[in-house]
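2 protein chains.
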Amino acid sequence: MTVTSVHDPSHREALWELEDAFERGDLISVFGRCTVAYEGRAASDLGIGDRLLVLKPDGAALVHTDEGRQPVNWQPPGSEHRAAVREGRLRVRSTRTNPDETLTVRFERVHQLSAMAVTGGRDLTLHGSEEDLRTRILERPDLIEPGFEPTATERPSSAGPMDIFGVDADGTPVVVELKRRRVGPDAVGQLARYVRALREELGATAEERGDGGDDGGNGDDGGDGDDGDDGDDGDDSGSDAARDDPSPAVRGILVAPSITGRAAERLADRGFDHVALEPTPED
Amino acid sequence: MTVTSVHDPSHREALWELEDAFERGDLISVFGRCTVAYEGRAASDLGIGDRLLVLKPDGAALVHTDEGRQPVNWQPPGSEHRAAVREGRLRVRSTRTNPDETLTVRFERVHQLSAMAVTGGRDLTLHGSEEDLRTRILERPDLIEPGFEPTATERPSSAGPMDIFGVDADGTPVVVELKRRRVGPDAVGQLARYVRALREELGATAEERGDGGDDGGNGDDGGDGDDGDDGDDGDDSGSDAARDDPSPAVRGILVAPSITGRAAERLADRGFDHVALEPTPED
DNA sequence: ACTTGAATATCGTGC
DNA sequence: GCACGATGTTCAAGT
Chain A
1 MTVTSVHDPS HREALWELED AFERGDLISV FGRCTVAYEG RAASDLGIGD RLLVLKPDGA
61 ALVHTDEGRQ PVNWQPPGSE HRAAVREGRL RVRSTRTNPD ETLTVRFERV HQLSAMAVTG
121 GRDLTLHGSE EDLRTRILER PDLIEPGFEP TATERPSSAG PMDIFGVDAD GTPVVVELKR
181 RRVGPDAVGQ LARYVRALRE ELGATAEERG DGGDDGGNGD DGGDGDDGDD GDDGDDSGSD
241 AARDDPSPAV RGILVAPSIT GRAAERLADR GFDHVALEPT PED
Chain B
1 MTVTSVHDPS HREALWELED AFERGDLISV FGRCTVAYEG RAASDLGIGD RLLVLKPDGA
61 ALVHTDEGRQ PVNWQPPGSE HRAAVREGRL RVRSTRTNPD ETLTVRFERV HQLSAMAVTG
121 GRDLTLHGSE EDLRTRILER PDLIEPGFEP TATERPSSAG PMDIFGVDAD GTPVVVELKR
181 RRVGPDAVGQ LARYVRALRE ELGATAEERG DGGDDGGNGD DGGDGDDGDD GDDGDDSGSD
241 AARDDPSPAV RGILVAPSIT GRAAERLADR GFDHVALEPT PED
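Residue numbers (full-length UniProt numbering), protein chains in the order written: chain A, 1 to 283; chain B, 1 to 283.
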């Protein structure tokens with residue numbers, strides 16, 4: 001039998017079953033009326049009530065109520081489970097170190113305890129990720145725009161690896177930033193950093209192209225333009241003329257299913273483009 | 001009886017119990033051998049294996065394996081659960097809209113099904129949050145430094161609401177940014193945005209205050225003064241002169257239990273201070 | 001071990 | 001409903 005199960009056990013009975021299940025490495029589910037106390041990175045106390053306690057052989061512990069996706073209390077994998085009967089009640093305690101954390105569940109009454117030996121079934125395949133989006137574009141670059149040609153993925157730069165690098169129909173370098181779902185202004189900042197990094201890297205070329213790559217205003221401190229900040233502080237308009245250049249040396253394209261209004265504003269400010277595209281084709 | 005439980009039920013038997021439990025608004029736990037398919041914001045498929053399915057009356061659904069704190073598949077609250085027997089197997093499906101998402105669990109075999117009517121016990125008290133840290137400082141402002149006086153919390157600015165705003169012993173405006181745990185450079189950037197916004201707002205006043213009054217230091221180790229700036233954000237380069245002013249019109253203080261080395265460098269670059277403080281007093 | 005960044009993040013709050 | 005920030009975020013990957 002792969003599953004053991006007891007209904008309305010005594011505390012001592014529940015303890016025996018728990019210890020056996022620990023020994024076998026079972027996945028355990030306990031329904032019962034209990035209090036919960038946690039102390040570690042923070043601290044919390046939960047009064048008496050009906051809850052579901054899940055104990056995993058890898059050390060994870062979860063306390064669920066009847067609401068919410070998140071457990072009301074938990075312990076991450078790597079913790080150690082112990083059970084005991086104290087003051088006539090079943091007490092389950094899960095501890096770990098680094099940081100030191102303790103989760104204690106005290107059962108006033110155990111309604112149902114089940115344990116199952118789990119085998120196999122770890123082959124999860126996830127689709128619709130950012131990688132799918134990249135694959136889709138590499139197979140059909142015209143989804144970005146006619147004439148676009150990808151030349152590298154994860155191309156390194158001083159601002160980190162960029163998702164897709166390529167050239168457009170005019171031979172202008174293009175940085176493509178991929179997001180698998182609707183994005184806000186932060187994604188525009190990320191794209192701006194890559195573009196700036198590439199403009200600096202290709203600076204000489206830009207000069208030759210006669211497009212006046214750098215504005216004369218702050219030419220002295222040449223690496224420190226203020227438009228590439230990560231956060232959302234770039235709201236001051238008109239701080240640079242270069243971004244309004246009609247033919248910038250490097251283009252930026254943000255690929256995402258949709259973008260927020262604020263993000264659209266920033267894209268326009270910087271002269272970047274948005275291409276609406278889903279990780280997988282719509283039905 | 002508040003708990004119903006069936007061991008090794010037939011698929012039809014399991015269906016009856018499930019539908020009854022849905023009707024009663026029970027918290028449900030199902031052990032069984034199953035496949036899982038999800039389609040929505042992403043898509044995934046999970047081959048056959050032993051898992052624990054948790055169904056909540058608020059619409060949440062969780063599929064847990066024997067590993068990890070996170071469910072391998074799930075559906076958030078607000079979804080609708082339905083059960084049926086198809087092709088001789090129990091099928092549980094949870095759907096929601098906006099976005100459209102579907103989670104389907106097909107049981108080859110149900111080992112154990114339990115359902116419990118949950119009552120009460122929603123009074124969770126959590127300690128050690130950022131709000132605790134704010135409360136602690138407002139009650140004892142001298143923890144920041146002698147003479148510090150908070151004047152507002154969540155004070156608005158063009159960069160968003162700042163955690164605590166106040167004045168130091170010299171009457172200089174102070175922006176305090178709170179973090180409940182160890183922080184990296186991003187927190188310094190956040191603080192810098194607030195300080196810059198306030199400096200702009202109070203610009204005229206700052207010009208007049210050009211006296212030589214300097215802070216007495218707060219006794220912690222002074223940051224090294226190296227200028228090895230990597231310039232990957234440079235968020236306040238616009239007001240360049242103000243940064244090096246020995247008596248800036250606005251001070252910035254980052255309150256956190258500890259900070260990373262890179263964050264310390266940036267703090268020093270911008271002339272900000274760090275105060276080491278926990279959300280709750282150490283024992 | 002520390003740091004960085006993504007997630008089907010989730011969850012609250014404010015607009 | 002949308003956007004933004006905090007979370008005992010968790011988690012994987014890179015350094």
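Yeah, the Cβ is synthetic: ideal placement off N, Cα and C, and Gly gets one too. Model, not experiment: these values are computed from the prediction.
- By the neighbour-count criterion, in which 16 or more other beta carbons inside 10 Å mark a residue as buried, MET162/A falls on the buried side.
- Taking C-beta separations shorter than 6 Å and ignoring five residues to either side along the sequence, the partners of SER5/B in its chain run SER114, following chain order.
- Within chain A, PHE31, ASP50, LEU52, HIS111, GLN112 have C-beta atoms less than 8 Å from the C-beta of MET116/B, given in sequence order.
- Taking the C-beta atoms as reference points, LEU133/A is found nearer than 8 Å to VAL255/A.
- GLY88/A carries a coil assignment under DSSP once its states are collapsed to helix, strand and coil.
- Membership of VAL188/A in the alpha helix (DSSP H) is indicated by the continuous run 185 to 201.
- Counting only runs of 3+ residues, the beta strand (DSSP E) found wholly inside the UniProt domain "Endonuclease NucS N-terminal PH-like" (29 to 117) of chain A occupies 43 to 55, 61 to 64, 73 to 75, 80 to 86, 89 to 96, 101 to 116, in chain order.
- With distances taken between CA atoms, LEU178/A lies nearest to GLU130/A out of ALA263/A, GLU265/A, GLU130/A.
- According to the DSSP assignment, ASP170/A belongs to no beta strand (DSSP E), since it is labelled neither H nor E.
- Taking all protein chains in view, the Cβ of ASN98/B is surrounded by fewer than 16 other Cβ atoms within 10 Å, so the residue is classified as exposed.
- Listed along the chain, the chain B residues whose CB falls inside 7 Å of the CB of HIS64/A are VAL54.
- Nearest Cα to GLU154/B within the set ASP142/B, LEU138/B, PRO146/B: LEU138/B.
- Nearest to GLY88/B by C-alpha distance, out of GLU13/B, ASP58/B, PRO77/B, is GLU13/B.
- Relative to ARG180/A, the option among ALA60/A, GLY78/A, ALA276/A, ASP50/A whose CA is nearest is ALA276/A.
- Of the candidates VAL92/A, VAL110/A, GLU108/A, ARG109/A, VAL92/A places its Cα closest to the Cα of THR102/A.
- The contact set of TRP74/B on chain A, defined by CB atoms closer than 9 Å, consists of ARG69 in chain order.
- Taking a C-beta cut-off of 7 Å against chain B, the contacting residues of the stretch 129 to 143 of chain A are SER129, listed in chain order.
- At a C-beta separation below 8 Å, ASP58/A has these neighbours in chain B: ASP66, GLU67, GLY68.
- Using beta-carbon distances, THR2/B counts as an interface residue toward chain A, with a partner under 8 Å.
- Secondary structure of GLU149/B (DSSP, three-state): strand.
- ARG182/A carries a coil assignment under DSSP once its states are collapsed to helix, strand and coil.
- Buried is the label assigned to ALA60/B, since at least 16 other Cβ atoms lie within 10 Å of its Cβ.
- In this structure, the alpha-carbon of ARG109/B lies about 23 Å from that of GLU17/A.
- The beta carbon of LEU53/B sits closer than 6 Å to the beta carbons of VAL30, VAL63, VAL105 from its chain, once the five residues preceding and following it are set aside; these are given in chain order.
- Within chain B, the C-beta atoms nearer than 7 Å to that of ARG181/A come from ARG41, in chain order.
- Looking at the DSSP output, THR125/B sits in a beta bridge with ASP45/A.
- Within the model, the alpha-carbon separation for MET1/A versus ILE144/A is close to 56 Å.
- At least one C-beta of chain B is nearer than 8 Å to the C-beta of SER44/A.
- Against chain A, the CB of PRO257/B has no partner CB under 8 Å away; the residue lies outside that interface.
- Scanning SER79/B, HIS11/B, GLY25/B for the CA closest to the CA of GLY32/B turns up HIS11/B.
- Minimum Cα-Cα distance from VAL174/B among the listed residues GLU201/B, GLU200/B, ARG251/B, THR151/B corresponds to ARG251/B.
- For a cut-off of 8 Å, the C-beta gap from ALA117/A to LEU15/A is around 19 Å, too long to register as a contact.
- Using a Cβ-Cβ cut-off of 8 Å, SER5/A counts as an interface residue toward chain B, since at least one Cβ of chain B sits closer than that to its own.
- Against chain B, a Cβ distance below 8 Å from ARG122/A picks out GLY49, THR65, GLU67.
- By the neighbour-count definition (other C-beta atoms within 10 Å, threshold 16), ARG41/A is an exposed residue.
- Here GLY49/B is buried: its Cβ has 16 or more other Cβ atoms, across all protein chains shown, within 10 Å.
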